Amino acid sequence: MGNIMEYKGYHTKIEFDAESKTLRGKIEGINDYIDFEASDILNIELEFHAAVDDYLEFCKEVGKDPEREYKGTFNVRISPELHKKLALRAFKDGCSLNAEV
82 MGNIMEYKGY HTKIEFDAES KTLRGKIEGI NDYIDFEASD ILNIELEFHA AVDDYLEFCK
142 EVGKDPEREY KGTFNVRISP ELHKKLALRA FKDGCSLNAE V
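Residue numbers for the sequence shown follow the working numbering, so the first one is 82 and each next one is one higher.
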């Protein structure tokens, strides 16, 4: 995807705001909401880098882990037909539905 950026292991998706005519993004995978904006593609990358650097510095100053904790669980909604097929496949493979997914 051309609108995804990565810096120091952090990611953002750049979107265009037609109303304000700006490019916007927010840092993904953190416990806080950190966003940034710029008027052009060259500056949006600089703003993203600055936002990550500032956030990491802030976390260091307050002794906070910047990474989001993932529990390892998530819910997926699927059709009953697909659920049945996956359950049967897991049974045939001799494993749990979670292992099959």
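Glycine included, every Cβ here is placed at the ideal spot set by N, Cα and C. Values in this document were obtained by computation on a predicted structure and should not be read as measured data.
Here's a check: name, in chain order, each residue in its chain whose Cβ is nearer than 8 Å to the Cβ of Ile-159, leaving out the five neighbours to either side. Here residue 159 is taken as the residue at index 78 of the sequence shown, counted from 1. Excluding positions up to five away in sequence, the list reads Leu-167.
Tell me whether Gly-144 is buried or exposed, calling it buried when 16 or more other Cβ atoms sit within 10 Å of its Cβ. Against the sequence shown, residue 144 aligns to sequence position 63. Exposed, by the Cβ-count rule.
Any contact between the stretch 89-104 and the stretch 120-137? By contact I mean 3 or more CB pairs, one from each, below 8 Å. Yes, the stretch 89-104 is in contact with the stretch 120-137.
Around the C-beta of Ile-108, are 16 or more other C-beta atoms found within 10 angstroms, so that it is buried, or is it exposed? Along the sequence shown, read from residue 1 onward, the residue named residue 108 stands at position 27. When all chains shown are included, Ile-108 counts as buried.
Cβ of Gly-110 within 9 Å of Cβ of Met-86? Looking up residue 110 in the sequence shown gives position 29. Looking up residue 86 in the sequence shown gives position 5. Cβ distance not < 9 Å, so Gly-110 and Met-86 don't count as in contact.
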